[in-house]
Structure formats: structure tokens, C-alpha cells
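Each remark here refers to the structure printed beneath this line.
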Amino acid sequence: MRPESTRIERIQIMSHDNPKPSKTELNNSNSLSATVASLYSRHKPLKVCMVGSSGGHLAHLHMLRPFLKDKDRFWVTFDKEDARSLLQGERVYTCYYPTNRNLKNLARNTLLTWKVLRKEKPDLIISSGAAVAVPFFYLGKLFGAKTIYIEVFDRIDKPTVTGKLVYPITDIFVVQWDEMKKVYPKAVNFGSIF
16 MRPESTRIER
26 IQIMSHDNPK
36 PSKTELNNSN
46 SLSATVASLY
56 SRHKPLKVCM
66 VGSSGGHLAH
76 LHMLRPFLKD
86 KDRFWVTFDK
96 EDARSLLQGE
106 RVYTCYYPTN
116 RNLKNLARNT
126 LLTWKVLRKE
136 KPDLIISSGA
146 AVAVPFFYLG
156 KLFGAKTIYI
166 EVFDRIDKPT
176 VTGKLVYPIT
186 DIFVVQWDEM
196 KKVYPKAVNF
206 GSIF
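Its first residue numbered 16, the sequence shown is counted upward by one per residue in the numbering used here.
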């Protein structure tokens with residue numbers, strides 16, 4: 016399915032009042048801030064690309080908004096109602112879906128990735144999946160971006176397909192369960208973000 020506004024020139028900018036972040040969001044934001052600080056020794060503002068499928072993946076990433084508040088940021092997700100509602104007031108690039116095991120949309124999203132990264136030049140790419148993250152992580156490395164992948168909360172002891180694909184090239188791989196350290200030995204455990 017093709018979203019209505021997939022062209023790079025058609026970035027959605029919406030207005031939205033952000034609710035106050037929860038204590039959990041602030042705690043995890045502090046952990047993420049410390050982790051990101053370990054990647055960068057400079058004082059210039061970071062440009063962050065947040066990539067995720069709509070639904071739970073996007074909700075998961077949105078909980079990091081305290082970390083994002085002072086960052087130049089943009090989002091890449093599906094053009095769906097929940098994404099439009101959640102990301103009002105944000106710069107949003109819409110990608111093609113479905114993405115799981117759909118080679119045509121993988122090719123289209125890879126081309127979109129190239130265009131977005133060439134235009135935006137982010138310093139950091141953060142994702143919690145799903146498949147749309149893969150081209151952003153691999154091409155992002157070519158553009159010199161650092162990457163952080165957050166494995167989803169509902170995976171306690173088995174990896175996701177996207178997690179397995181991006182783990183080898185991810186700068187910081189975050190899990191939310193100690194059991195996942197057996198699956199991803201180099202991961203860091205932040206505990207639950209939800």
C-alpha cells in the first residue's frame with residue numbers, strides 16, 4: 016500500500032500539545048541521554064532520526080520524548096491514523112507498508128531512506144523496529160550516523176527478525192529483559208520503557 020505523502024518533499028508538520036512525560040519516561044530518557052553522551056564528545060546539538068512502524072513500535076519510541084525535547088529531530092513511520100495523532104507538530108517522513116517480507120516495499124523504502132538521509136544527515140538513528148529500520152541502519156552507517164536499536168518489550172528470550180538483522184552493525188543495542196543478554200551479548204539492559 017502506498018501512503019499518500021511518501022514523497023520526500025511532502026513532510027508533514029502538525030500542531031500538538033505534548034502531555035507531561037511520566038516518571039518511567041524520564042528515567043529511561045536519562046539512561047538514554049547518558050548512553051548517547053558516550054557516543055559523542057562534541058557540544059553541537061544532535062540531529063536525531065526516529066524510525067519505527069506505527070502502533071506499538073512508534074508508541075515505544077514516542078516515550079523517549081523527554082530525551083528528544085532539545086534535539087533537532089524527525090520521524091519516519093507509516094502514514095496511519097495513530098502516527099498522525101501521536102506525531103502532531105513533528106517533522107514526519109512517511110514510508111511504504113506493509114514491510115514484513117515485502118521485497119517491493121523494502122526496495123521502495125531503501126530508496127526513500129537514501130533520499131531522507133542525504134537530505135537530513137542525522138547524527139543518530141534510533142529505532143525499535145520493525146522492518147523499516149533495516150535500510151535506515153545500514154545506509155545510516157554509510158552516512159556516518161550512529162545507531163541505537165531498542166528491542167521490543169514483549170521479546171523476553173527470543174530475538175525479533177529486525178533485531179537480528181541490525182544487531183551486527185548497531186552501535187548501542189538496548190534490551191529490556193536480562194534474559195535477552197543471552198541472545199544479544201553486547202546489549203545494554205535499560206529495563207522496561209513502558
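Positions of the beta carbon are idealized from the N, C-alpha and C atoms, including for glycine.
For clarity, every value in this text was computed on a predicted model and none was experimentally measured.
Of the candidates Glu194, Lys95, Thr175 and Pro200, Thr175 places its Cα closest to the Cα of Ala148. With a cutoff of 8 Å on beta-carbon distance, Val190 and Phe152 are scored as not near each other.
Pairing Cys110 with Thr92 gives a Cβ-Cβ distance under 8 Å. For Gly144, no alpha helix (DSSP H) run applies; the uninterrupted beta strand (DSSP E) run containing it begins and ends at Leu139 to Gly144, by DSSP. In chain order, Met195 place their CB closer than 7 Å to the CB of Arg170, counting only its own chain and leaving out the 5 sequence neighbours on each side.
Secondary structure within the segment 99-164: the beta strand (DSSP E) runs of 3 or more consecutive residues, fully enclosed, are 106-110 and 139-144 (chain order).
With contacts defined by Cβ atoms closer than 8 Å, Asp193 and Ala160 do not form a contacting pair.
Less than 8 Å divides the Cβ of Ser69 from the Cβ of Ala98. Judged by DSSP secondary structure, Gly178 falls within the alpha helix (DSSP H) whose first and last residues are Val176 to Val181. Per DSSP, the beta-bridge partners of Val91 are Val66 and Tyr108. In the structure shown, Val167 falls within a coil segment according to DSSP collapsed to helix, strand and coil. Looking at the DSSP output, Val203 sits in a beta bridge with Val189. If you look at Pro60, you'll find it isn't in any alpha helix (DSSP H); DSSP assigns it neither H nor E. Per DSSP, the continuous alpha helix (DSSP H) segment holding Met195 begins and ends at Met195 to Val198. The alpha-carbon of Val203 is positioned some 6 Å away from that of Phe188. Per DSSP, the unbroken alpha helix (DSSP H) holding Leu73 starts and ends at Gly71 to His77. The residue from Phe82, Lys197, Pro113 and His77 with its alpha-carbon nearest to that of Ser100 is His77.
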